[in-house]
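Visitor: Counting in the working numbering, the sequence shown runs from 1001 upward without gaps.
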Amino acid sequence: MANDEYDYLFKVVLIGDSGVGKSNLLSRFTRNEFNLDSKSTIGVEFATRSIQVDNKTIKAQIWDTAGQERYRAITSAYYRGAVGALLVYDISKHQTYENVTRWLKELRDHADTNIVIMLVGNKSD
C-alpha cells in the first residue's frame, strides 16, 4: 500500500497550555524525534502516522496548535472532524493542570459531542 493509501483516517487534536510538550509528543509519535530546544508553535501544524491493524491501514492525522491565547480564533476549524483529543498538561507546572478545565470547556464548546478525550500528564522525565 502506498504512503497515501489507507483504510481509515482519524483526526486527533493536541490541546493544552503553551510549553506543556504538545509539539514534542507529535514529533515523537510521527517521526520518533525529540527536540529539547523546541520553539512555540505558531498557528497550526499537523503530521501523520500510519499503522497496520488486522490487515487494515489506519492513518492518524495528529494536529498540534499553539497554546497561546492569541491563536484561539482558529478553534472551530481546528476541532472540525476530530474524533479524539489529547489534553496535555505539564506535571511539573501545577497551573497547567488547573487550566485543564478551561481546555475541556473549549473542547465541549467546539468539538463533536462524541469526541474521545484523553488527559496526558507530560514531562515525567
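We put the CB at the ideal spot given by N, CA and C, even for glycine.
Quick caveat, the model's predicted, so the values are computed rather than measured.
1) Cβ of residue 1088 within 7 Å of Cβ of residue 1116?
2) What would DSSP say about residue 1112, mapped onto helix, strand or coil?
3) Straight-line CA distance for residue 1063 to residue 1112?
4) Just the C-alpha distance for residue 1013 and residue 1083, rounded to the nearest angstrom, thanks.
5) Where does residue 1008 fall in DSSP's three states?
6) State the DSSP-derived secondary structure class of residue 1080, mapped to helix, strand or coil.
7) Decide if residue 1022 is buried, meaning its Cβ has at least 16 other Cβ atoms within 10 Å, or exposed.
8) Starting from residue 1022, trace the alpha helix (DSSP H) in both directions and tell me its first and last residue.
9) Three-state secondary structure (DSSP) at residue 1093?
10) If I follow the unbroken beta strand (DSSP E) through residue 1123, where does it start and stop?
11) Across which residues does DSSP place residue 1056 in a beta bridge pair?
Guide: So, from the listed chains and residues:
1) The residue given as residue 1088 occupies position 88 in the sequence shown. The residue given as residue 1116 occupies position 116 in the sequence shown. No, these two residues do not count as a Cβ contact at 7 Å.
2) One-based indexing of the sequence shown puts residue 1112 at position 112. Three-state DSSP puts residue 1112 in coil, outside helix and strand.
3) Here residue 1063 corresponds to residue number 63 of the sequence shown, with the count starting at 1. Here residue 1112 corresponds to residue number 112 of the sequence shown, with the count starting at 1. Each residue's alpha carbon lies about 16 Å from the other.
4) For the purposes of this step, residue 1013 is taken as residue 13 along the sequence shown, with counting starting at 1. For the purposes of this step, residue 1083 is taken as residue 83 along the sequence shown, with counting starting at 1. When rounded, the distance between both Cα atoms is 8 Å.
5) For the purposes of this step, residue 1008 is identified with residue 8 of the sequence shown, where counting begins at 1. The answer is strand: DSSP assigns residue 1008 an E or B state.
6) Indexing the sequence shown from 1 puts residue 1080 at position 80. In the structure shown, residue 1080 sits in coil (DSSP, three-state: anything other than H, G, I, E or B).
7) In the sequence shown, counting from the first residue as 1, residue 1022 sits at position 22. Buried, by the Cβ-count rule.
8) Translated into the one-based positions of the sequence shown, residue 1022 becomes position 22. Looking at the DSSP string, the run of the alpha helix (DSSP H) that includes residue 1022 is 1022 to 1031.
9) The residue labelled residue 1093 in the question sits at position 93 within the sequence shown. Coil at residue 1093, not helix or strand.
10) Here residue 1123 is taken as the residue at index 123 of the sequence shown, counted from 1. First-last for residue 1123: undefined, no H or E at that position.
11) Taking the sequence shown and counting its residues from 1, the one referred to as residue 1056 is at position 56. Paired residues: 1053.
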